[in-house]
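Everything below concerns the one structure shown next.
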Amino acid sequence: APLDAAESHHVSFLDNTQYTDAFRASRAGVCIIRPEYADAAPAGMALLVTSDPYRAYAKTATAFYPLPVASGDISAAAQIDETAELGEGAEIAAGAVIAAHAIVGARCRIGENAVIGPGVILGDDSSVGPCASLAYSEVGKRVLIYPGARIGQDGFGFAPGAEGHLKVPQLGRVIIGDDVEIGANSTIDRGSGPDTIIGDGARIDNLVQIGHNVQIGRGCILVSQVGVSGSTEIGDFAVLAGQVGVAGHLKIGAGAKIAAQGGAIQDVPPGVEVGGTPTVPVRQWLRTAAYLNKLMKKKGK
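Residues 112 to 412 in my numbering are what the sequence shown lists, from first letter to last.
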């Protein structure tokens, strides 16, 4: 429970200094904190002391509320092609469609009205939420795909011309590594020839668009409403904050960070933090914003 609402039977945590007063007044029975806050704890509160309270809280909460386990039930209202393969213990909900030659791994969970297209491979212990659809995809183990996600539809490829825009056939796949999360109503286009690749451990929020041939490295974080144009490469553990837009054919280096609503139209070196549109080093962006604000105030006088 939150610090200000917790009672003696609750576990809480402190990971943000703005809640220090709430911690001092909290009635939580147990609190996860950093060592420097131990002396400020209310009398009688049990303390779990760690250098990373939020991560410790995640493990604690998961112990009390583990992810659902596949039941092994297969609904009579599901449509499963006779050539499809279902792993041991897989759970298939009503209205789900498992198409020809698809492979669903052991202990997978397929939600109501989800569609697993022809030849799609889904690794063990993965979950596909209600109304999600997968086509031309190979998905790793322990992947969580939330409701309404669209993975493997055609990329935005056409040859423009005065006589009309000619569609370019999209012939690649989407390859998703292990332990990836893909948020609700996000879309990942199949490759146009090369594959679209999502690396192990990536975290993709709701309402994210990833274009064809994009390569996303291990442990990357893409926050809600990010858009990544085709053939861009994003290095391991890069972070794209909310509403970031990335032009096509760019390289975003490993560990780079792009601030919210940033617009990247050129490569971002590894480990660099940028912001604004077009993106510049984040300190320069903040200084520019402060300077413009100062000019406006002077003009107002």
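Glycine included, C-beta positions come from ideal geometry on N, C-alpha and C.
All values reported here derive from a predicted model rather than from experimental measurement.
- Comparing alpha carbon positions, the residue from ARG220, HIS212 and GLY259 closest to GLU199 is ARG220.
- Annotation for TYR130: LEU114 place their beta carbon closer than 7 angstroms to its own, counting only its chain and skipping 5 residues before and after.
- DSSP places GLU202 within a strand segment (E or B) once states are collapsed to three.
- Under the 8 angstroms Cβ criterion, the region 182-193 does not count as touching the region 146-164, having fewer than three qualifying pairs.
- Residue pairing by DSSP places PHE269 opposite LYS278 in a beta bridge.
- When secondary structure is reduced to three states using DSSP, LEU361 falls in the coil class, being assigned neither helix nor strand.
- Remark: C-beta atoms of GLY228 and SER238 do not approach each other more closely than 9 angstroms.
- Under DSSP, ILE286 forms a beta bridge with GLU249 and ILE308.
- Taking the Cβ atoms as the reference, TRP396 lies roughly 4 angstroms from GLY386, within the contact range of under 8 angstroms.
- Judged by their CB atoms, VAL250 and LEU233 are nearer to each other than the 9 angstroms cut-off.
- Your pair GLY266 and SER297 does not check out as a contact, with CB atoms roughly 15 angstroms apart and the cut at 8 angstroms.
- Listed in chain order, the non-local C-beta contacts of GLY359 below 8 angstroms within the same chain comprise GLY322, SER340, GLY341, SER342 and THR343, local neighbours out to five positions each way being set aside.
- Exclusion of the five residues before and after GLN372 leaves GLN354 as the residues of its chain whose Cβ lies within less than 6 angstroms of its Cβ.
- Rounded to whole angstroms, the separation of the alpha carbons of GLY140 and GLY155 is 8 angstroms.
- Distance from ILE363 to ALA349 at the Cβ level is roughly 5 angstroms; contact confirmed, criterion being Cβ atoms closer than 8 angstroms.
- Taking GLY312 as reference, the option from ILE327, ILE262 and ALA169 with the minimal CA-CA separation is ILE327.
- Counting C-beta atoms within 10 angstroms of its own C-beta, THR388 has fewer than 16 neighbours from the protein chains shown and is therefore classed as exposed.
- Shown here, GLN377 sits in coil according to DSSP, grouped into three states, outside any helix or strand.
- By the beta-carbon neighbour count (other beta carbons within 10 angstroms, threshold 16), ASN404 is exposed.
- Less than 9 angstroms separates the beta-carbon of ALA295 from that of GLY240.
- Shown here, GLN372 sits in coil according to DSSP, grouped into three states, outside any helix or strand.
- Counting of Cβ neighbours within 10 angstroms places LYS170 among the exposed residues, the total staying below 16.
- Nearest neighbour of VAL391 by Cα position, chosen from LYS410, LYS409, ALA367 and ILE299, turns out to be ALA367.
- Remark: C-beta atoms of VAL231 and TYR247 approach each other more closely than 9 angstroms.
- With 16 or more other CB atoms across the displayed protein chains lying within 10 angstroms of its CB, LEU197 is buried.
- Taking each of VAL122, GLY288 and LEU282 in turn and checking the Cα distance to PRO305, the smallest one comes out for LEU282.
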